[in-house]
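Notes to accompany the following structure.
Residue numbers (the UniProt record's numbering): 1 to 200.
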C-alpha cells in the first residue's frame with residue numbers, strides 16, 4: 001500500500017529570516033535600519049561599529065564619519081606651471097604634507113612610544129577631476145585618514161608615519177611603478193580608495 005507523505009516544513013521560512021538580526025540571528029530588539037537598507041538590533045550594530053567602525057556589517061557600506069588615527073600635521077597645496085605626463089593641457093597641483101615626530105596614542109601600535117614623522121609631496125593634474133580628488137583628500141586629511149603609524153614598507157622601520165591605503169602620486173614622472181604619471185585610471189582608483197573610507 002502506498003501512502004503520500006507531506007514534506008516536513010522547514011523551521012525558518014524566508015519571511016521569518018527577515019525578522020532576524022543578521023548579527024545575533026535572533027528577533028530584533030530596537031530595530032535600526034541603515035541607508036543601505038540592512039537592519040540590525042541597535043545594540044548589535046553598536047558592538048559592530050566599535051570593532052569595525054561605521055560600516056554595514058553585511059555590505060560594508062560606510063555610514064557616519066570615519067575618523068582615523070593620523071597624527072597631527074599640516075596639508076598645504078599650490079599650483080605650479082608644469083605639465084604631468086598624460087595631462088598636457090593643464091598645470092599641476094602640488095600637495096605638501098608635514099607630520100612632525102610625536103608620541104603614539106592608544107590608537108597606535110605602541111602607545112607612549114615616540115614615532116618618526118614625515119614630509120611628503122604628491123601631485124595631481126589641475127583639471128576638474130584633479131581638483132575633485134584634491135577636495136576629497138582635504139576631507140580625508142581632516143578626518144585623519146591619509147597617514148597612520150606603523151612599519152614602513154620601504155625602509156622596514158617601525159614606529160614611523162606611513163601612508164594609510166590612499167595612494168598618492170609622489171613623483172611627476174615614472175609611471176605606475178615609479179609612483180608617478182602617466183597612469184591612466186589613477187584618479188578613478190584613488191576616488192574608489194577614498195570612497196572605501198567614506199569620503200565621496
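Note that beta-carbon positions come from the ideal geometry of N, C-alpha and C, so glycine has one too. Nothing here was measured: the structure is a model prediction, and the numbers come from that model.
Notebook entry, point to check: If you count every other CB in all the chains shown that lies within 10 Å of the CB of residue 12, and 16 or more means buried, which is it?
Noted result: Note that residue 12 scores a pLDDT of 47, beneath 50, so its modelled location is shaky and nothing firm can be said.
Notebook entry, point to check: Residues in its own chain within less than 7 angstroms of residue 111 by CB, not counting five upstream and five downstream?
Noted result: 104, 105
Check: What is the DSSP secondary structure of residue 74, reduced to helix, strand or coil?
Finding: strand
Notebook entry, point to check: Do the region 54-64 and the region 134-144 make contact, defined as three or more Cβ pairs closer than 8 angstroms?
Noted result: no
Check: Looking at the unbroken alpha helix (DSSP H) that takes in residue 140, where does it start and where does it end?
Finding: 128-142
Next item on the list: Answer with buried or exposed for residue 74, where buried requires no fewer than 16 other C-beta atoms within 10 angstroms of its C-beta.
Entry: exposed
Next item on the list: With DSSP as the reference, label residue 155 as helix, strand or coil.
Entry: coil
Next item on the list: Out of 194, 122, 41, state which residue places its alpha-carbon closest to the alpha-carbon of residue 84.
Entry: 122
Check: Going along the chain, which unbroken runs of the alpha helix (DSSP H) with 4 or more residues stay wholly within the region 15-82?
Finding: 42-52
Margin query: Quick check: the region 158-167 against the region 112-119, are at least 3 beta-carbon pairs closer than 8 angstroms?
Written below: yes
Next item on the list: Could you give the DSSP three-state label for residue 170: helix, strand or coil?
Entry: coil
Check: Below 8 angstroms, can you find three or more Cβ-Cβ pairs linking the region 165-172 to the region 188-200?
Finding: yes
Checklist line | Straight-line gap, residue 149 to residue 26 (C-alpha atoms, nearest Å) | finding: 39 angstroms
Note to self: Using a 10 Å radius around the Cβ and a threshold of 16 neighbouring Cβ atoms, would you call residue 16 buried or exposed?
What the structure shows: Only weak support is given to the placement of residue 16: the predicted model assigns it a pLDDT of 49, under 50, and the value that follows is read from those uncertain coordinates. With fewer than 16 Cβ atoms within 10 Å of its Cβ, residue 16 is classed as exposed.
Next item on the list: Would you give the residue range spanned by the beta strand (DSSP E) that residue 187 belongs to?
Entry: That residue, residue 187, is in no beta strand (DSSP E); its alpha helix (DSSP H) goes 186-196.
Check: Beta carbon of residue 67, beta carbon of residue 143: below 8 angstroms?
Finding: yes
Item checked: Local conformation of residue 178 per DSSP, three classes -> helix
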